[in-house]
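Chains as they are written, first to last, in our numbering: chain C, 11 to 378; chain V, 11 to 378.
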């Protein structure tokens, strides 16, 4: 963890310039001090590829700990129990996880299941009195998102969305620069989100489970990025869909969508969401007084970026480690991340996705 | 001209890898040999800023020479006569330039006047029996463009459009790579064309003279770039216009337009045309097997670019020098540039501009 330590040391010297979490003190400076708040005890629901990635990243967390699992596959549970030292009493399946309400040793559940399952699962977790961390997209449409927000509010639990980029140091820095006016008035955001998806039988290409194709999975990064880099909410969207492989990308599974957004200031965004192109993953923003470019902009590996001031030199730290430590502080200390990650935030993206799908279908500009 | 000589020497060694003009021999290798074809004797019509730039660039031409001027300002004519050693008999004004037909010492007229004047001027030049070189945009709409193509055909003169990027060495290289299949199947082109325009009283912001705003002037680079980088003709366009300053950008003068194009293969393009944003001028293209990025992509200064194979290292040579030497060979030797620059090509861009304006106005997808 040399690079992390280095980053932390940098922060303790210059906390103001790199506020991973906005608040009275820098997150990482505080991390090095004795903890005043509890460790966030997390159960992961859905032990697939990304769940595994999160679990491994959490081994380096200082404020969060994997303590439970929820899965429909007993063999996976057994494997995870031994790998992460998880007691039997913290293991659940999809039938019995409502019993979480009787388990005082779990604070939050991180839902990392197919998108189409998030809503009902999140509501059940909320009803069990546990904080909900939900992987993005929060749900498959705004109607579901609203039910989730309502359920968590009624249960008085937090609802946080797995927007890991909001904790990634270079991303945090460009958002800080934007907020500080270092780009001047933002004018234009461009997002290229996409890759060539593999196995045609995966759940991401099954409408019932995924709720959509590339847009739900990867296009959402451009939507979210446009919003946090321009610092405004869009007032209209237009979209154009292209499908070259209707066998792989069935009805309701978008292969490629170009979409545009307009903002109250007159700023505009131009984005690409695709499951059929290589060499993408780039954000660009230009303002009256400066610009930023990130490529890759939202992959797991080191983000690279530069602005009119030069290369972004913040070190790479595993995003999910930062995210889970950060979420712990949000939950226990009420700190705010550099840009929101709560249910209302997830809902905003879902409303935009609904509008993009409508715009692509009708060919008309959709007002938000 | 050290860098030019260097480039030429490189070409004589490796003519195949850098064919500025496609044909039986490399343009520049041939340039070093005794000329077998005449020097193109050019009169410039319109002695403004860009005309001056072209005149200076032509001082380095080996196959083209500035020999005449057409201007409505006698003092400019006098100045140019002394600067470029232009005889009185090769000087015209806008009333009498039809008399070019009686002047055997001028082969071609390069029209560098406001867009809205191109059509009638080009037709008059053609009727005078001179080859027409017309600065882009060729005209202000396709109807005008068609009349120009027809007039030049009937007069049996060439009609060439000032697409200088088609002669720029790095641009030529990426087009060559695309044609050779080095990017695989092209999938996506992205063009950012724009800058913040200054003086609000210039002809470029006068609808009658310009025919439009940013699109006519700078957006056309993205249109043309999309076509030569994808190697296909678009079958549809969509467009969204944004205007933040209706005083500076009056009715019919577009400030910012985002536009998208779809191509028969399923490739798509996403472009920005603006007179109100800084830090742009970038082309990006990705294919199945590679990508290219150019930034700046269409300014006068050195173009910079890279592909999946590395930096583009072709030297900078004044674009207008290459263009005028190249046009000489097109006219006298029938050589073809790497991508077309004739009237039919200019007309294709005008048809797309017409469609973009219609799409922006109606909010509907326009088929081509």
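For each residue, glycine too, the CB sits at the ideal point set by N, CA and C. Computed from a predicted structure; not experimentally measured.
Taking the C-alpha atoms as reference points, what is the distance between residue i and residue j?
i, j, result
"residue 356 of chain V", "residue 193 of chain C", "37 Å"
"residue 157 of chain V", "residue 129 of chain V", "8 Å"
"residue 328 of chain C", "residue 67 of chain C", "7 Å"
"residue 65 of chain C", "residue 86 of chain C", "13 Å"
"residue 204 of chain C", "residue 222 of chain C", "14 Å"
"residue 122 of chain V", "residue 201 of chain V", "25 Å"
"residue 113 of chain V", "residue 49 of chain V", "16 Å"
"residue 101 of chain V", "residue 80 of chain V", "6 Å"
"residue 57 of chain C", "residue 155 of chain C", "23 Å"
"residue 312 of chain C", "residue 172 of chain V", "43 Å"
"residue 314 of chain V", "residue 183 of chain V", "12 Å"
"residue 4 of chain V", "residue 322 of chain V", "Given a span of 11 to 378 for chain V in the structure shown, any question on residue 4 of chain V remains unanswerable."
"residue 381 of chain C", "residue 262 of chain C", "The shown model of chain C, from 11 to 378, leaves out residue 381 of chain C, and the question about it has no answer."
"residue 71 of chain C", "residue 89 of chain C", "21 Å"
"residue 251 of chain C", "residue 175 of chain C", "26 Å"
"residue 260 of chain V", "residue 343 of chain C", "53 Å"
"residue 31 of chain C", "residue 214 of chain C", "For residue 31 of chain C, the predicted structure reports a pLDDT of 47, less than 50, and the residue's modelled location is therefore unreliable. A value from the coordinates is still provided. Each residue's alpha carbon lies about 32 Å from the other."
"residue 292 of chain C", "residue 235 of chain C", "10 Å"
"residue 320 of chain V", "residue 197 of chain V", "20 Å"
"residue 254 of chain V", "residue 278 of chain C", "11 Å"
"residue 290 of chain C", "residue 216 of chain C", "24 Å"
"residue 266 of chain C", "residue 61 of chain C", "26 Å"
"residue 364 of chain V", "residue 256 of chain V", "21 Å"
"residue 131 of chain C", "residue 370 of chain V", "43 Å"
"residue 295 of chain V", "residue 140 of chain V", "38 Å"
"residue 264 of chain C", "residue 372 of chain V", "25 Å"
Tell me, to the nearest whole angstrom, how far the beta carbon of residue i is from that of residue j; I am working on the premise that it is less than 8 Å.
i, j, result
"residue 244 of chain V", "residue 360 of chain V", "So it is not a contact: roughly 13 Å between Cβ atoms."
"residue 178 of chain C", "residue 332 of chain C", "7 Å"
"residue 54 of chain V", "residue 69 of chain V", "Actually they do not touch by this definition, with Cβ atoms about 13 Å apart."
"residue 115 of chain V", "residue 188 of chain V", "No, residue 115 of chain V and residue 188 of chain V are not in contact; Cβ-Cβ is about 41 Å, not under 8 Å."
"residue 258 of chain V", "residue 210 of chain V", "5 Å"
"residue 248 of chain C", "residue 269 of chain C", "7 Å"
"residue 185 of chain C", "residue 337 of chain C", "Residue 185 of chain C to residue 337 of chain C, Cβ: 17 Å. No contact."
"residue 351 of chain V", "residue 170 of chain V", "5 Å"
"residue 335 of chain C", "residue 63 of chain C", "So it is not a contact: roughly 16 Å between Cβ atoms."
"residue 124 of chain V", "residue 220 of chain V", "6 Å"
"residue 111 of chain V", "residue 138 of chain V", "4 Å"
Going along chain C in order, which residues have a C-beta closer than 9 Å to the C-beta of residue i?
i, result
"residue 219 of chain V", "The premise fails here: residue 219 of chain V is roughly 26 Å from chain C at the closest Cβ pair, so nothing lies under 9 Å."
"residue 288 of chain V", "194, 197, 296, 297, 298, 299, 300, 301"
Out of the options, state which residue places its alpha-carbon closest to the alpha-carbon of residue i.
i, options, result
"residue 149 of chain V", "V:182, V:225, V:165", "V:225"
"residue 168 of chain V", "V:118, V:175, V:185", "V:118"
"residue 298 of chain C", "V:299, V:131, V:286, V:147", "V:286"
"residue 1 of chain C", "C:230, C:126, C:80", "In this structure chain C extends from 11 to 378, so residue 1 of chain C is not present and cannot be described."
"residue 136 of chain V", "V:95, V:61, V:162, V:266", "V:162"
"residue 238 of chain C", "C:266, C:227, C:349", "C:349"
"residue 159 of chain V", "V:342, V:366, V:146, V:133", "V:133"
"residue 353 of chain C", "C:295, C:320, C:166, C:62", "C:166"
"residue 280 of chain V", "V:233, V:207, V:289, V:301", "V:233"
"residue 208 of chain C", "C:195, C:288, C:131", "C:288"
"residue 218 of chain V", "V:60, V:242, V:127", "V:127"
"residue 284 of chain C", "C:341, C:206, C:271, C:98", "C:206"
"residue 275 of chain C", "C:195, C:141, C:264", "C:195"
"residue 78 of chain V", "V:266, V:120, V:358", "V:120"
"residue 181 of chain C", "C:141, C:109, C:147, C:302", "C:302"
"residue 318 of chain C", "C:330, C:304, C:325", "C:304"
"residue 326 of chain V", "V:96, V:341, V:309", "V:309"
Could you tell me which residues DSSP pairs with residue i in its beta bridges?
i, result
"residue 101 of chain V", "V:79"
"residue 280 of chain C", "C:200, C:270"
"residue 119 of chain C", "C:53, C:142"
"residue 177 of chain C", "None, per the DSSP bridge assignment."
"residue 247 of chain V", "V:271, V:376"
"residue 367 of chain V", "Its beta-bridge partners do not exist; DSSP assigns none."
Since residue i meets chain C, which of its residues come closer than 7 Å, beta carbon to beta carbon?
i, result
"residue 374 of chain V", "373"
"residue 282 of chain V", "198, 280"
Find the residues of chain V that neighbour residue i, judging by a C-beta separation of less than 7 Å, and give them in chain order.
i, result
"residue 377 of chain C", "Within 7 Å Cβ-Cβ: nothing; residue 377 of chain C doesn't reach chain V, min ~12 Å."
"residue 258 of chain C", "Going along chain V, no residue has its Cβ under 7 Å from residue 258 of chain C, so there is no contact; the nearest lies around 13 Å."
For residue i, go through chain C and note every residue whose CB falls closer than 8 Å to its CB, in chain order.
i, result
"residue 272 of chain V", "250, 252"
So which residues of chain V does residue i contact, with C-beta pairs closer than 9 Å?
i, result
"residue 266 of chain C", "197, 198, 276, 278"
Using a Cβ-based criterion (distance less than 7 Å to any ligand heavy atom), does residue i qualify as near the ligand FAD?
i, result
"residue 68 of chain V", "Within the structure as shown, the ligand FAD is missing, as the structure has no ligands at all."
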